[in-house]
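Written out below as structure tokens is the structure these notes cover.
Number of protein chains: 2
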Amino acid sequence: MTTDEPVAESTSVPRRPGRPRDARHDEAILAATLAILRRDGYRGLTIDGVAAEAGVGRPTIYRRWPSKPALVVAALVHAARLAVPDIDTGSLRRDLIAVQRHQVELMNSPDNRRVTAGLVADLAADPDLAETYVSRYLAPRRAAVWQVLRRGVDRGELAADVDFAFAYDLLVGPLFMRAVVWGEPLTADAAEKTADVILAAFAPRS
Amino acid sequence: MTTDEPVAESTSVPRRPGRPRDARHDEAILAATLAILRRDGYRGLTIDGVAAEAGVGRPTIYRRWPSKPALVVAALVHAARLAVPDIDTGSLRRDLIAVQRHQVELMNSPDNRRVTAGLVADLAADPDLAETYVSRYLAPRRAAVWQVLRRGVDRGELAADVDFAFAYDLLVGPLFMRAVVWGEPLTADAAEKTADVILAAFAPRS
DNA sequence: GCATTACGGGACATTGTGTATCGTTACATC
DNA sequence: GATGTAACGATACACAATGTCCCGTAATGC
Numbered sequence: 033m034t035t036d037e038p039v040a041e042s043t044s045v046p047r048r049p050g051r052p053r054d055a056r057h058d059e060a061i062l063a064a065t066l067a068i069l070r071r072d073g074y075r076g077l078t079i080d081g082v083a084a085e086a087g088v089g090r091p092t093i094y095r096r097w098p099s100k101p102a103l104v105v106a107a108l109v110h111a112a113r114l115a116v117p118d119i120d121t122g123s124l125r126r127d128l129i130a131v132q133r134h135q136v137e138l139m140n141s142p143d144n145r146r147v148t149a150g151l152v153a154d155l156a157a158d159p160d161l162a163e164t165y166v167s168r169y170l171a172p173r174r175a176a177v178w179q180v181l182r183r184g185v186d187r188g189e190l191a192a193d194v195d196f197a198f199a200y201d202l203l204v205g206p207l208f209m210r211a212v213v214w215g216e217p218l219t220a221d222a223a224e225k226t227a228d229v230i231l232a233a234f235a236p237r238s
Numbered sequence: 033m034t035t036d037e038p039v040a041e042s043t044s045v046p047r048r049p050g051r052p053r054d055a056r057h058d059e060a061i062l063a064a065t066l067a068i069l070r071r072d073g074y075r076g077l078t079i080d081g082v083a084a085e086a087g088v089g090r091p092t093i094y095r096r097w098p099s100k101p102a103l104v105v106a107a108l109v110h111a112a113r114l115a116v117p118d119i120d121t122g123s124l125r126r127d128l129i130a131v132q133r134h135q136v137e138l139m140n141s142p143d144n145r146r147v148t149a150g151l152v153a154d155l156a157a158d159p160d161l162a163e164t165y166v167s168r169y170l171a172p173r174r175a176a177v178w179q180v181l182r183r184g185v186d187r188g189e190l191a192a193d194v195d196f197a198f199a200y201d202l203l204v205g206p207l208f209m210r211a212v213v214w215g216e217p218l219t220a221d222a223a224e225k226t227a228d229v230i231l232a233a234f235a236p237r238s
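Laid out in structure tokens, this is it:
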């Protein structure tokens, strides 16, 4: 449920009787959701506001997504469906710094805090939705970082028994703490510092 | 604003004309807030519910705290006013593991996720309140960890130029990511693993 | 043409927040 | 003991937002 491209049900033939849904509305709703999210944050987003900005009626939205957090998750997944960059410079440290610079930039955007915090709060109350968010948004991003780490292991720059999940949380957690919990801006050196922590903590045993 | 012990204004004489506030109500309201928070999470807490459980009217609550997040912050500060343990075993690694075990226990409580996530979301929308929460709740806890790190530096177990703020986020951030963002339980070894990251990342230069 | 479904508009019930207004009660001062 | 002031419980209120329902209309396949 709450997929990016809604519907198609379980039938192999996607065609249903009756008037078909207007695909342009899907696009307009998701685009409006993202625009409002960036402008007003998670709390400032209302279904009414999305409907107005997308030029559709409210039932048209509820016909597609069952709730506000589900709509937000769909919009984020939709926006990020392409943008999972694959970084491979040949050096683990350079790769990690590039990954972290990207992450710092994301987290430093002024709206990020309000969007992330609000969404995480609603996810905590809806396990199904949380599962969708994790599997369709977070996990693909984490997998890209794992690729970087995997290559580091292959080149002998990291110990072979690195705990990948832990390493990822070690990279992102400190940024999250500072940007979202403390509410303080990330400085430029945060990327280097977190990258170097990984190198020090998981250095290959000599 | 939004202090734990409300009021006393700026006058040196706390006594104001008129009927004084009933101090037992303060206690009852904060206790009810904590109880509901633990039982129903941040989203499940309503001012009505607190009023009913505390046996007071709603205006009695609004007379003391201006909003729901302000009340929650006051309750958390109130509950934690004593409990900032000072750990000193003589070994940095043992100290850090003890600190982290305590943190893991806190974060693993089933209500923690819903309370923390909901509160952080509201704090992002209210900078004044966020300042209160940070200065009266988070900062004292961080200071206790800094004490542990400071002693580690003094004993030569850590490099002298450790970035204390970064080190704290490095200790707590990964736990926060896993418990709150991913929504997965923390395992027992999380304390050791994060502690060892600090030792590896900030080892004194030889 | 007919069944079926989407559409916009709007009404609706529900829930929660925060404010305001009662009559009443507790305390200090005169 | 009378008076002023402010807290108290109860309750009504305005407001905002969620999610549902129903209407008349439009689009599609059979």
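Chains as they are written, first to last, in this note's numbering: chain L, 33 to 238; chain D, 33 to 238.
Where is the CB? At the ideal position from N, CA and C, for every residue including glycine.
- Gly89(L) and Ala64(L) have their alpha carbons spaced roughly 13 Å apart.
- Interface with chain L (8 Å Cβ-Cβ cutoff): Met209(D) is included.
- Nearest C-alpha to Leu138(L) among Ala222(L), Thr78(L), Asp127(L): Ala222(L).
- A straight-line Cα-Cα distance of about 20 Å links Asp143(L) and Pro101(D).
- In this structure, Ala211(L) and Asn140(L) form a Cβ contact; the two beta carbons are roughly 7 Å apart against a cut-off of 8 Å.
- For Asp201(L), the nearest CB of chain D lies under 8 Å from its own CB, placing it at the interface with that chain.
- Contact check for Ala107(D) against Leu69(D) passes: the beta carbons are separated by less than 8 Å.
- Residue state for Pro142(D) is assigned as coil, using DSSP reduced to three classes.
- Not a single C-beta of chain L is nearer than 8 Å to the C-beta of Phe196(D).
- In this structure the stretch 197–204 of chain D does not touch the stretch 151–166 of chain D; the number of beta carbon pairs closer than 8 Å is below three.
- Contact annotation, Ile119(D) with Ala130(D): C-beta distance approximately 5 Å; criterion of less than 8 Å satisfied.
- If you compare the alpha carbons of Val109(L), Arg48(L), Leu77(L), Arg126(L) with that of Glu59(L), the shortest gap goes to Val109(L).
- The three-state reading of DSSP puts Val116(D) in coil, since its state is none of H, G, I, E or B.
- CA-to-CA, the gap between Ser123(L) and Ala175(L) works out to about 18 Å.
- Look at Val104(L): its C-beta is not under 8 Å from any C-beta on chain D.
- When only Cα atoms are considered, Phe198(D) and Ile230(D) end up about 10 Å apart.
- Neighbourhood of Val136(D) in chain L, by CB distance below 8 Å: empty, with the nearest CB roughly 13 Å away.
- Here DSSP, grouped into helix, strand and coil, assigns Asp72(D) to helix.
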